[in-house]
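Undergrad:
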Amino acid sequence: MIPEDLRYTAEHEWVAGDGSGPVRVGITHFAQDALGDIVYVQLPDEGTVVQAGDSLGEIESTKSVSEIYAPISGTVVARNATLTDEPEIINGEPYAAGWLVEIAPDDPASVAALLDAAAYRALTES
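Listed below in structure tokens is the structure:
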């Protein structure tokens, strides 16, 4: 459940896209599985400027509340409004309909600097 075509962070976010345009961001299957049933998601508004590593929002599950961290620096250009009413989509489709936000990167090269699938797999297996 670790798609090869995505980039990852040690905080269990994924990034789709190469950085030449906006990239889509979500949480990994590993993260949603650890959280359990997701009941609420708080996401930044479009136009919000984020810095890599800073809090991007929160995900609340029946077990806990977890921070979502920005994988790259840039500007939020879209947010998944469906999650407002249906946050549980993240549990069923973390890499598809359960995406969180799209970010226009400040530095396109920052995407390539994230973990590849093999490195993320090694992280989750250790």
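Mapping to UniProt numbering: the sequence shown position 30 is 30, numbers consecutive.
For every residue, glycine included, the Cβ atom is placed at its ideal position computed from N, Cα and C.
(1) Whose C-beta lies closer than 6 Å to the C-beta of residue 91 among residues of the same chain, with five residues either side of it excluded?
(2) Which residues in the same chain have their Cβ closer than 7 Å to the Cβ of residue 53, if we skip the five residues on either side of it in sequence?
(3) Please say whether residue 101 and residue 56 have beta carbons closer to each other than 9 Å?
(4) Is DSSP giving residue 92 helix, strand or coil here?
(5) Tell me the start and end of each unbroken beta strand (DSSP E) in the UniProt domain "Lipoyl-binding" (22-104) that is at least 3 residues and wholly inside, in chain order.
(6) Would you list the residues sitting across from residue 13 in a DSSP beta bridge?
(7) Would you identify the three-state DSSP class for residue 6, choosing helix, strand or coil?
(8) Span of the alpha helix (DSSP H) holding residue 123?
(9) For residue 108, which residues from the same chain have a beta carbon less than 8 Å from its beta carbon, with the 5 sequence-adjacent residues on both sides left out?
TA: Let me lay it out:
(1) In its chain, beyond the 5 residues on either side, 32, 38 have a beta carbon closer than 6 Å to the beta carbon of residue 91.
(2) Hits under 7 Å: 69, 70.
(3) Taking 9 Å as the Cβ cut-off, residue 56 and residue 101 qualify as a contacting pair.
(4) For residue 92, the three-state secondary structure derived from DSSP is helix.
(5) Segments of the beta strand (DSSP E) lying fully in the UniProt domain "Lipoyl-binding" (22-104): 23-27, 38-42, 55-61, 65-69, 74-79.
(6) In the DSSP output, where bridge partners are listed per residue, residue 13 has 27.
(7) In the displayed model, residue 6 falls within coil according to three-state DSSP, outside both helix and strand.
(8) 117-125 is the extent of the alpha helix (DSSP H) around residue 123.
(9) So the list reads 18, 19, 20, once near-sequence residues are dropped.
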